[in-house]
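Numbering (full-length UniProt numbering), first residue to last: 1 to 216.
For reference, the structure is listed below as structure tokens.
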């Protein structure tokens with residue numbers, strides 16, 4: 001496991017304080033961010049101790065926490081493919097990474113900020129279709145998020161089982177607009193250079209999985 005580093009946001013634009021991880025996206029308005037960013041380096045399974053009350057964001061996963069006191073949080077990516085059954089996959093579209101989160105002591109986290117890749121500009125996406133998914137012994141449980149922001153859905157007073165965001169599909173051929181990213185890899189093993197180009201939703205868990213596949 002990797003130790004975490006707490007890092008204060010810095011930099012300005014037009015006299016305005018900006019986070020170090022600030023990345024503008026065309027047409028989409030920015031979110032107001034919190035004051036402290038923590039950097040988990042390479043993420044497989046992370047364990048971070050947040051030393052005091054405040055709001056914190058992970059620089060690698062874009063997962064965020066609001067906490068009322070000092071807390072230790074362990075988290076990593078989980079698998080939607082393993083959790084959703086065949087019927088659920090037809091009804092729901094994955095809208096962001098699935099996380100497995102453990103908190104000690106319990107009830108210290110007052111809100112969790114779950115990243116999503118939906119593009120909400122222009123009102124083309126009806127945010128009422130976005131749901132917070134929990135996987136418990138009884139199966140899939142769905143809740144409406146407390147509020148939806150341009151790049152996150154916020155759930156207050158969360159419970160922690162595997163948790164992530166799903167989009168309810170009304171028609172199987174109708175999809176909401178999403179933010180995407182391009183991944184380009186070069187193979188140097190073959191006699192001729194081979195380029196592998198991927199266009200995927202802006203889901204950082206998929207990016208990590210694809211990166212691991214191409215490294216192999």
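Virtual Cβ for every residue (Gly too), placed ideally from N, Cα, C.
Note that the structure is a prediction, hence the values are computed from the model and not measured.
Residue environment, residue i, which counts as buried when at least 16 other CB atoms sit within 10 Å
i, result
"residue 62", "buried"
"residue 139", "exposed"
"residue 101", "buried"
"residue 203", "buried"
"residue 115", "buried"
"residue 165", "buried"
"residue 81", "exposed"
"residue 170", "exposed"
"residue 128", "exposed"
"residue 91", "exposed"
"residue 195", "exposed"
Beta bridge counterpart(s) of residue i as assigned by DSSP
i, result
"residue 168", "92"
"residue 100", "76"
"residue 142", "133"
Helix, strand or coil at residue i according to DSSP, with G and I counted as helix
i, result
"residue 129", "helix"
"residue 204", "helix"
"residue 121", "helix"
"residue 161", "coil"
"residue 87", "helix"
"residue 153", "strand"
"residue 111", "strand"
Alpha-carbon spacing of residue i relative to residue j, whole angstroms
i, j, result
"residue 163", "residue 186", "34 Å"
"residue 87", "residue 192", "44 Å"
"residue 79", "residue 137", "16 Å"
"residue 110", "residue 67", "5 Å"
"residue 98", "residue 77", "6 Å"
"residue 133", "residue 181", "24 Å"
"residue 174", "residue 149", "22 Å"
Identity of the residue in the options nearest residue i by Cα
i, options, result
"residue 121", "56, 58, 179 and 54", "179"
"residue 154", "146, 160 and 161", "146"
Cutoff 9 Å: residue i Cβ touching any chain D Cβ
i, result
"residue 88", "Considering every chain present, this structure includes no chain D. It has just one protein chain."
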